[in-house]
């Protein structure tokens, strides 16, 4: 069964450093998403992406964040200068279409720890 | 404010019993709801969804009920098994206001199945 994959599974970084989280969405999907989950809290939407453009972003997704689809398979989330409060699980998701009833399928996540 | 929330943060059941997990939502513009299961160290896994024009939908061992009058969603798991132990999230999707892409998650209910 096709699935979303993410690398690395865990990342530890120093505050102020840049990190890049990588995702390979399901191959025939066109819409991609990043969510995050701070320990013990809800899963929160960060950004959606289609046709090489951001479709929607939350207030969390500030200028420190960026997304990119560098090739036909990868979808990345970059945090330019990490802060302590960026420590969280980051989930990538994809859907075939963005329509209202289209299910989003999630990857296993990357656990980011900022020291 | 929180748009989607859960009534019970934890639920403990005996193997073989039926489980009911509840979710309240406050945004009447939400048209689509999804239940996700999250096992430890993994990403949210799609279980079942329901459109707002439906009251009930059944899957394999799971049933989702939607009561739009009181803005309440529930997930029923029949003959609960130890493998059902996980955190269960409800999520909603808005159909208007430019938020056609993101899912808004509730905080989650931890289901523990005792053998």
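Chains as they are written, first to last, in this note's numbering: chain A, 57 to 171; chain B, 72 to 186.
Every residue, glycine too, gets a C-beta built ideally from N, C-alpha and C.
Distance, Cα to Cα, residue 193 of chain A vs residue 128 of chain B?
Chain A is shown only over 57 to 171; residue 193 of chain A falls outside these bounds and no answer can be derived.
With a CB to CB cut of under 8 Å and the five nearest residues on each side skipped, what residues in its chain are close to residue 133 of chain B?
106, 118, 119, 146, 147, 148 and 149
Between the C-alpha atoms of residue 181 of chain B and residue 82 of chain B, what's the straight-line distance to the nearest angstrom?
6 Å
Tell me whether residue 79 of chain B sits in a helix, a strand or coil according to DSSP, three-state version.
With a pLDDT of only 46 at residue 79 of chain B, under 50, the local geometry of the prediction cannot be trusted, and no value is derived from it.
Three or more C-beta pairs below 8 Å linking the stretch 129 to 149 of chain A and the stretch 88 to 96 of chain B:
no
Hey, how far is the Cα of residue 128 of chain A from the Cα of residue 84 of chain B?
45 Å
Using the Cβ count rule (16 or more neighbours within 10 Å means buried), how would you classify residue 100 of chain B?
exposed
Of the residues B:141, B:113, B:111 and B:115, which one's Cα is nearest the Cα of residue 95 of chain B?
B:141
Tell me residue 149 of chain B's beta-bridge partners as DSSP assigns them.
None, per the DSSP bridge assignment.
The stretch 100 to 120 of chain B: which residues have C-beta closer than 9 Å to a C-beta of chain A, in chain order?
102, 103, 105, 107, 109, 112, 113, 114, 115, 116, 117 and 120
Got a sec: is the Cβ-Cβ distance from residue 168 of chain A to anything in chain B below 7 Å?
no
Is the shortest distance between the beta-carbon of residue 162 of chain A and the beta-carbons of chain B less than 7 Å?
yes
Under a CB-based cut-off of 7 Å, is residue 178 of chain B close to chain A?
yes
Taking only beta-carbon atoms, is residue 173 of chain B less than 7 Å away from chain A?
yes
Can you name the residues that DSSP bridges to residue 93 of chain B?
B:145
Residues in the stretch 117 to 151 of chain A with C-beta within 7 Å of chain B's C-beta atoms, listed in sequence order?
147
When the cut-off is 7 Å and only beta carbons count, does residue 82 of chain B lie next to chain A?
no
Between residue 63 of chain A and chain B, is any beta-carbon pair separated by less than 7 Å?
no
Closer than 7 Å, CB to CB, is residue 99 of chain A near chain B or not?
yes
Whole-angstrom distance between residue 183 of chain B and residue 131 of chain B, CA atom to CA atom
19 Å
Quick one: measure Cβ to Cβ for residue 92 of chain A and residue 130 of chain A, integer angstroms, because I've assumed they're closer than 8 Å.
That belief does not hold up - the Cβ atoms of residue 92 of chain A and residue 130 of chain A are roughly 19 Å apart, past 8 Å.
Cβ-Cβ separation, residue 88 of chain A to residue 102 of chain A (assumed contact under 8 Å), whole Å
About 11 Å; that fails the 8 Å criterion.
Proximity of residue 151 of chain A and residue 158 of chain A at Cβ, strictly below 7 Å:
yes
As assigned by DSSP and simplified to three states, the class of residue 158 of chain A:
coil
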